[in-house]
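S.K.: Sharing a structure below in structure tokens format, with a few things to ask.
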Amino acid sequence: MASRLPIFPLDAVLFPGTPMPLHIFEPRYRKMLVDCLAADERFGMVTPGRAAEAPPPGAVGCVARIRATHELPDGRSNIVVVGETRFLIRRYLDEGTPYLVAMVDEFGDRPGPEVPASSLEDLRRSFISYVASLRVITDAPEDDMRWAEDPEALTFQIGATADLDSTAKRRLLELRTASERVGLLLELLPTLVEEAGARARVHARARGNGKGGPSPDIVPAS
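Letter by letter, the sequence shown follows residues 0 to 221 of numbering that gives the first Met the number 0.
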């Protein structure tokens with residue numbers, strides 16, 4: 000069933016069930032924020048179209064639910080949204096607002112094959128290794144991040160966290176079964192894991208320099 004939704008084109012991909020901080024500064028989107036807060040606190044995030052800012056009909060995005068707002072003295076705002084359902088733009092409405100408004104069809108996953116437990120375990124293990132390397136690179140402390148057990152939620156959680164390009168993230172958002180997303184992530188993650196692991200090893204060696212690590216061999220000058 001189609002529903003009305005304000006549209007916020009942004010070159011970032013929001014996934015269902017995941018949070019994202021946003022900085023609202025353009026006057027038209029300040030107005031959108033005011034209108035959303037006065038209504039149901041929802042707007043649609045979708046990547047911009049190629050030829051123009053308006054994403055074309057058929058573009059897939061994610062409904063953003065406003066969870067926190069902090070208005071700055073000059074009228075800008077920092078907000079936090081959480082992704083809800085995905086949607087497909089059906090057509091735009093002419094309501095005289097400075098921002099885009101569209102009729103959209105919200106959708107979820109369609110029935111699909113069950114994800115094999117071995118594939119899910121491989122995905123989880125690979126991503127835990129990737130996140131561990133990122134912590135080394137950024138000197139971040141251990142956290143109590145809990146990875147979802149449900150394949151649908153896990154694939155969106157990984158999609159939001161992994162350093163994938165926007166094309167890959169959009170593809171993940173568009174796929175309609177968890178098994179398809181698991182398959183795509185198992186193709187994409189090995190390269191990320193390898194690259195992050197290499198960077199982590201270099202970072203760890205660099206941190207050890209001059210801090211009591213093994214002394215280098217010194218060859219006396221002749």
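We treat Cβ as the ideally placed atom computed from N, Cα and C, and that holds for glycine.
Small disclaimer: the values here were computed from a predicted structure and weren't measured.
Between the C-alpha atoms of Leu13 and Pro54, what's the straight-line distance to the nearest angstrom?
M.R.: Between Leu13 and Pro54, the C-alpha separation is close to 15 Å.
S.K.: Pick out whichever of Val100, Val80, Pro150 has its Cα sitting closest to the Cα of Pro112.
M.R.: Pro112 has its Cα closest to that of Pro150, out of Val100, Val80, Pro150.
S.K.: For the 8 Å Cβ check, are there 3 or more pairs between the segment 114-132 and the segment 76-91?
M.R.: The answer is no - the segment 76-91 does not touch the segment 114-132, with fewer than three Cβ pairs under 8 Å.
S.K.: Relative to the C-alpha of Val62, which candidate in Met19, Gly48, Ala37 has its C-alpha closest?
M.R.: The option with the nearest alpha carbon to Val62 is Met19.
S.K.: Return yes when the Cβ of Ser165 is within less than 9 Å of the Cβ of Ala58, no when it is not.
M.R.: It is not a contact, given that the beta carbons lie outside the stated cut-off.
S.K.: So, for Arg169: in the same chain, excluding its five sequence neighbours on each side, which residues have a beta-carbon less than 8 Å away from its beta-carbon?
M.R.: Answer for Arg169: Val12, Thr46, Val59, listed in chain order.
S.K.: Going by CA-CA distance only, name the one from Ser125, Ile127, His202, Glu186 that's closest to Asp138.
M.R.: If we check each option's Cα against that of Asp138, His202 comes out closest.
S.K.: To the nearest angstrom, report how far apart Glu70 and Pro97 are at their CA atoms.
M.R.: Looking at the two C-alpha atoms, the distance is approximately 20 Å.
S.K.: Tell me the residue span of the beta strand (DSSP E) that contains Leu21.
M.R.: Here the beta strand (DSSP E) through Leu21 covers 18-23.
S.K.: Return helix, strand or coil for Leu183, following the three-state DSSP convention.
M.R.: Helix.
S.K.: In the DSSP assignment, find the unbroken beta strand (DSSP E) run with Leu99 in it and report its ends.
M.R.: Taken as a continuous stretch (DSSP letters only), the beta strand (DSSP E) holding Leu99 covers 99-106.
S.K.: Measure the beta-carbon distance from Thr242 to Arg180 and round it to whole angstroms, keeping in mind my assumption that it falls under 8 Å.
M.R.: Within the shown structure, residues of the chain are numbered from 0 to 221, placing residue 242 beyond reach of any answer.
S.K.: Taking just the CA atoms, how far does Gly107 sit from Gly16?
M.R.: Going from the Cα of Gly16 to the Cα of Gly107 covers about 12 Å.
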